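S.K.: Residue numbers (this note's numbering): 141 to 325. I am attaching a structure below and will ask some questions about it afterwards.
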């Protein structure tokens with residue numbers, strides 16, 4: 141028996157029957173009285189995104205103001221007419237989201253209706269995302285419970301940014317340089 145086979149045999153013996161063991165996962169999920177919209181807006185702002193909190197009736201006007209004359213990709217299923225088709229020449233993309241996480245300021249796209257493809261959301265320099273208040277959850281466990289793990293997921297925590305070896309922040313390296321979020325209350 142080779143060393144590899146011996147190690148694998150030991151591992152198999154150690155985990156035999158482990159698939160039947162239930163592992164309790166008691167995550168804190170109920171946060172009574174917490175202002176999730178406010179916390180989410182604060183965290184998204186911390187990431188240097190532009191944040192607007194507006195009543196649902198004012199979202200169309202805010203969209204018009206944010207979009208201006210930009211050539212925007214508007215994915216199928218997004219409740220707005222028009223749109224640009226070419227990701228290479230578009231100024232930006234406007235999307236909805238699957239869920240948003242207050243604790244981390246993260247937006248999650250599952251690329252369902254109104255969320256576009258990964259290329260549509262990662263290639264243009266500007267991303268405008270509309271988040272409904274009922275899509276905001278407190279933490280990651282609640283977000284995961286709402287998501288289908290079989291779908292492609294894109295997790296966005298602010299505009300694309302990285303730091304070079306001297307810790308100088310560089311934006312727009314692997315995604316939109318500007319993230320703007322409209323939170324619909």
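Glycine included, each C-beta is placed from N, C-alpha and C at the ideal position. Predicted, not measured: the structure shown is a model, and the values here were computed from it.
1) In whole angstroms, give me the CA-to-CA distance for residue 250 and residue 293.
2) Please identify the residue among 310, 244, 267, 175 whose C-alpha is closest to the C-alpha of residue 255.
3) Entirely within the region 155-240 and at least 4 residues each: give me those alpha helix (DSSP H) ranges in chain order.
4) Could you give the DSSP three-state label for residue 246: helix, strand or coil?
5) Which term fits residue 207, buried or exposed, when burial requires 16 or more other beta carbons within 10 angstroms of its beta carbon?
6) Ignore the nearest five residues each way along the sequence and tell me which others in residue 194's own chain have a CB closer than 8 Å to its CB.
7) By the three-class DSSP mapping on this structure, what secondary structure does residue 147 have?
8) Distance, Cα to Cα, residue 185 vs residue 198?
9) From the DSSP output, read off the bridge partner residues of residue 305.
10) In the DSSP assignment, the alpha helix (DSSP H) including residue 261 goes from what residue to what residue?
M.R.: According to the structure data:
1) Near 5 Å, if we compare the C-alpha coordinates of residue 293 and residue 250.
2) For residue 255, the nearest C-alpha among the options comes from 267.
3) You should have 176-186, 199-207.
4) In this structure, residue 246 counts as strand in the three-state DSSP scheme.
5) That one is buried.
6) Counting only Cβ-Cβ distances below 8 Å, and skipping sequence neighbours, we find 202, 322, 323, 324, 325.
7) It is helical.
8) One C-alpha to the other measures close to 20 Å.
9) According to DSSP, which records beta bridges pairwise, residue 305 is partnered with nothing at all.
10) Segment 258-262, the alpha helix (DSSP H) holding residue 261.
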